[in-house]
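The sequence shown maps to residues 142 to 721 in this note's numbering.
Reviewing the structure listed below.
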Amino acid sequence: MDQSAINVTAKSTNSDFLTAPQPITVLSGRQLDRQRGETAMSAINNTPGVSNLTTGSGTSKPIIRGLTGQRVLVMTDGIRQEEQQFGDDHTVELDSFNIQKIEIIRGPGSLLYGSDALGGVVNVIRDKAPLSGEGIPKMAGIFNSNSYSNNKQDAGNFAIYGNLNGFGYRASSNSRKAGKITTPNGTLRNTGMIEKNQSASIGLDGDWGNFYLDSFKREQTQDLLDNPNENPGATVSQKLLHEKSHFHSFFIFSAGNLELDFSYQRNNRREIESKNKLLPIQDILLDKNAEVLDKSFQFYQVTSKEKYQGLNLFLDTTTADAKFHHKPIFNFLKGTIGISGLEQRNKTIGTEPLIPSYGIINIAGYFLEELKLDSLTFSAGIRGDKRSVDIRNNQTLGVSEQTKNYYMTTGSTGVVWRIYKSFSTIFNYGRGFRAPTPFELFSYGVHEGTGKFEIGNNHLKPEYSNNLDFSLRFASSKIQTEISVFQNHIQNFIYAASIAQIDLDSGLPKYEYKQGNAILKGGEFSIQAELFRKLVFSGGIDIVYSRNQSDTHPLPRTTPNRARAGLRWTEDSILGLKNF
Numbered sequence: 142m143d144q145s146a147i148n149v150t151a152k153s154t155n156s157d158f159l160t161a162p163q164p165i166t167v168l169s170g171r172q173l174d175r176q177r178g179e180t181a182m183s184a185i186n187n188t189p190g191v192s193n194l195t196t197g198s199g200t201s202k203p204i205i206r207g208l209t210g211q212r213v214l215v216m217t218d219g220i221r222q223e224e225q226q227f228g229d230d231h232t233v234e235l236d237s238f239n240i241q242k243i244e245i246i247r248g249p250g251s252l253l254y255g256s257d258a259l260g261g262v263v264n265v266i267r268d269k270a271p272l273s274g275e276g277i278p279k280m281a282g283i284f285n286s287n288s289y290s291n292n293k294q295d296a297g298n299f300a301i302y303g304n305l306n307g308f309g310y311r312a313s314s315n316s317r318k319a320g321k322i323t324t325p326n327g328t329l330r331n332t333g334m335i336e337k338n339q340s341a342s343i344g345l346d347g348d349w350g351n352f353y354l355d356s357f358k359r360e361q362t363q364d365l366l367d368n369p370n371e372n373p374g375a376t377v378s379q380k381l382l383h384e385k386s387h388f389h390s391f392f393i394f395s396a397g398n399l400e401l402d403f404s405y406q407r408n409n410r411r412e413i414e415s416k417n418k419l420l421p422i423q424d425i426l427l428d429k430n431a432e433v434l435d436k437s438f439q440f441y442q443v444t445s446k447e448k449y450q451g452l453n454l455f456l457d458t459t460t461a462d463a464k465f466h467h468k469p470i471f472n473f474l475k476g477t478i479g480i481s482g483l484e485q486r487n488k489t490i491g492t493e494p495l496i497p498s499y500g501i502i503n504i505a506g507y508f509l510e511e512l513k514l515d516s517l518t519f520s521a522g523i524r525g526d527k528r529s530v531d532i533r534n535n536q537t538l539g540v541s542e543q544t545k546n547y548y549m550t551t552g553s554t555g556v557v558w559r560i561y562k563s564f565s566t567i568f569n570y571g572r573g574f575r576a577p578t579p580f581e582l583f584s585y586g587v588h589e590g591t592g593k594f595e596i597g598n599n600h601l602k603p604e605y606s607n608n609l610d611f612s613l614r615f616a617s618s619k620i621q622t623e624i625s626v627f628q629n630h631i632q633n634f635i636y637a638a639s640i641a642q643i644d645l646d647s648g649l650p651k652y653e654y655k656q657g658n659a660i661l662k663g664g665e666f667s668i669q670a671e672l673f674r675k676l677v678f679s680g681g682i683d684i685v686y687s688r689n690q691s692d693t694h695p696l697p698r699t700t701p702n703r704a705r706a707g708l709r710w711t712e713d714s715i716l717g718l719k720n721f
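Laid out in structure tokens, this is it:
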């Protein structure tokens, strides 16, 4: 049995399965290894209320309770993962190997994390420099790999780590390569990918607390399948670069603990409709086989006149966060007070701009308190955000220089009733928000990844969600189960709607962004039970109903209802082979 105790760093204070104020799933250890797949998000696909939106090899993003994309916040070590998340084909740019733990919160998380967490939060805790502790070697290494037969995909990872008298270190490198996807009717042209990841971290700890510095770099070349009936020879492709550095410190004081986080990220996304317009890289060193040359391209243009050909976006993000977790007052009141800041700059340098250059500054303050009275635990908090969006002039898009300001207030409240030692009931209300993105406001052009001509709407307002959650939980040495029901009402829901027109140059349908009210409701049931000695049954049911109340249609990307079941034999080893 996986133990019920969980250490939820995605919340303001530590919780366990029976007392967490929101529905939470944590994957770590053997369970994470069993579910690890070709992308970082593949591991969460079978958790309650969660699935994946996948548009090809190496491309995946989470769906939580029917919401995805900009409405689900993905974080690494408590820091927002800032990519160009506006496209369905835009993957979460993390490698799947160097992950220690994944925490999934179902329901709004705007109180602690701000914009975008309407459906939930996925917090990926990466493998980093180990802190001092029993059994930590001075130097050790690990190699792991996985393969997939359908598209001849192979991946391998190597890491070295250790701790020398309180000074920890870790470095890793991995790569992944996949060919064309195979179907019963043949292979799908232009569906391969190449991915490379490197990371390094150092850390130091003592009685005073700890700190670490973590940095990683990811490069990915992703082929995109187009409609073979409309464009049979298409070679649409995208090339991605994501770099992130994160400094974290944790200080222990008599009055409480102080956490400080600073991070910098750079994301470069390049998309082009045809790789054949690009020069191969180092072609004289490569086999002259046409397929090899076709795969060995770089986004260098044929002439200086076409230097910035295609879509080319540079996104730089800097964040700073400070959280103070105060010690219990009168032994029953504890909580967190925090401030956060974000500065973001997007530079559009391609000949197909799609979105204008812009800058975003977001500042916020919040607090969350927890009051424990015997078997009842009450929690409440509030957050205020101010976001300023400065748009640069872009003649191609017809956008003039302007500034948009948003002021947003959110909060949550809930109660946990520990009826018995092994049984609890939870009620929670959460209000979340999402500011409209520059893509939704000002886009005007062909989006190769979605096969649409997309048109922004300068008059969009922020989305607000009002979510109600009710859960029943039971945990013993043999059984762990949870039943949750929810209703999430979203005001000013932003969606792309067809305007029944075709762009003459590209031949793609035109879609324009609109707003309306939306509702999502449903529930999850999950169970894990030890049937016999070391034989564990696990299963569950997910139900989601969604409706755009403006046009009575279901919301896009809503997942179908599903049921799952499985058996696991948990013998530690068989004939000397370790069982994962």
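Backbone N, C-alpha and C fix where the C-beta goes; we use that ideal spot for every residue, glycine too.
**OP:** Would you kindly work out how many angstroms separate the C-alpha atoms of Ile422 and Lys318, rounded to a whole number?
**Re:** Here Ile422 scores only 37 on pLDDT, less than 50, and its place in the model should not be relied on; the value that follows carries that caveat. If you take the alpha carbons of Ile422 and Lys318, they lie about 18 Å apart.
Original post:
With a CB to CB cut of under 6 Å and the five nearest residues on each side skipped, what residues in its chain are close to Ser584?
Top reply: Leu495, Ile496, Glu595, Gly597
Subject >> Where the beta strand (DSSP E) containing Arg411 begins and where it ends >> reply: 397-413
Original post:
Pairing CB atoms from the stretch 193-208 with CB atoms from the stretch 338-357, are three or more of them under 8 Å?
Top reply: no
Original post:
Going by the C-beta, is Gly648 closer than 8 Å to any heavy atom of the ligand MG?
Top reply: Because no ligand of any kind appears in the structure shown, any question about the ligand MG cannot be addressed here.
Subject >> Within 9 Å, strictly: CB atoms of Thr700 and Gly207 >> reply: yes
Original post:
Considering only residues of the same chain and omitting the five flanking positions on each side of Asn453, which have a CB-CB separation below 6 Å?
Top reply: Arg411, Ile490, Gly491
**OP:** For Asn331, decide whether its Cβ has a neighbour in chain B, counting only Cβ atoms nearer than 9 Å.
**Re:** Given the protein chain composition of this structure (a single chain), no chain B is represented.
Original post:
Are the beta-carbon atoms of Gly648 and Phe666 separated by less than 9 Å?
Top reply: no
Original post:
Nearest CA to the CA of Gly197: which residue from Thr362, Arg175, Gly255, Leu354?
Top reply: Thr362
Original post:
For the 8 Å Cβ check, are there 3 or more pairs between the stretch 627-641 and the stretch 598-613?
Top reply: yes
Original post:
Taking Cβ to Cβ, would you say Val556 is nearer than 9 Å to Ser529?
Top reply: no
Subject >> Among Gln642, Phe615, Leu696, the one whose alpha carbon lies nearest that of Leu159 >> reply: Phe615
Original post:
Out of curiosity, what's the CA-to-CA distance linking Arg212 and Leu173?
Top reply: 24 Å
Subject >> Closest Cα partner of Val587 within the set Asn599, Leu645, Glu623 >> reply: Leu645
Original post:
Just checking, does the stretch 281-300 make contact with the stretch 214-230 on the three C-beta pairs under 8 Å criterion?
Top reply: no
Original post:
Does the beta-carbon of His600 have 16 or more other beta-carbons within 10 angstroms, so that it is buried, or is it exposed?
Top reply: exposed
Subject >> Helix, strand or coil at Ala281 according to DSSP, with G and I counted as helix >> reply: strand
Original post:
So Leu173 is in the alpha helix (DSSP H); what residue range does that whole segment cover?
Top reply: 170-176
Subject >> C-alpha distance - Leu272 paired with Asn315, whole-angstrom precision >> reply: 23 Å
Original post:
Exposed or buried, which one is Asn193 when buried takes at least 16 other CB atoms within 10 Å?
Top reply: buried
Original post:
Cβ atoms of Arg267 and Thr188: under 9 Å apart, would you say?
Top reply: no
Subject >> Beta carbon of Arg709 nearer than 9 Å to that of Thr458 >> reply: no
Original post:
DSSP on Leu329, reduced to helix/strand/coil?
Top reply: coil
Original post:
Tell me which same chain residues have a C-beta within less than 6 Å of the C-beta of Ile301, skipping the five on either side of it?
Top reply: Gly282, Ala312
**OP:** Answer yes or no: do Ile660 and Pro650 have a C-beta to C-beta separation smaller than 9 Å?
**Re:** no
Original post:
Can you give the Cα-Cα distance for Asp143 and Ser516, rounded to whole angstroms?
Top reply: In this prediction, Asp143 has a pLDDT of 49, which is less than 50 and means its spatial position is unreliable; what the coordinates show is noted afterwards. Approximately 25 Å between the Cα atoms of the pair.
Subject >> Backbone secondary structure at Ile490 - three-state DSSP >> reply: coil
Original post:
Which stretch, first to last residue, makes up the alpha helix (DSSP H) that contains Glu581?
Top reply: 579-583
**OP:** Identify whether Ala181 lies in helix, strand or coil by the three-state DSSP scheme.
**Re:** helix
Original post:
Which residues does DSSP pair with Ile496 in a beta bridge?
Top reply: Looking at the DSSP assignment, Ile496 forms no beta bridge with any residue, so it has no partner.
Subject >> Under the three-state DSSP convention, the category Gly707 falls into >> reply: strand
**OP:** Hey, could you find the ends of the alpha helix (DSSP H) Ser251 is sitting in?
**Re:** 251-254
Original post:
How do the stretch 239-251 and the stretch 288-297 stand: do at least 3 beta-carbon pairs fall below 8 Å, yes or no?
Top reply: no
Original post:
So, are the CB atoms of Thr460 and Asp526 less than 9 Å apart?
Top reply: no
Subject >> Segment limits, beta strand (DSSP E) that includes His231 >> reply: Segment: none, His231 is in no beta strand (DSSP E) and carries neither H nor E.
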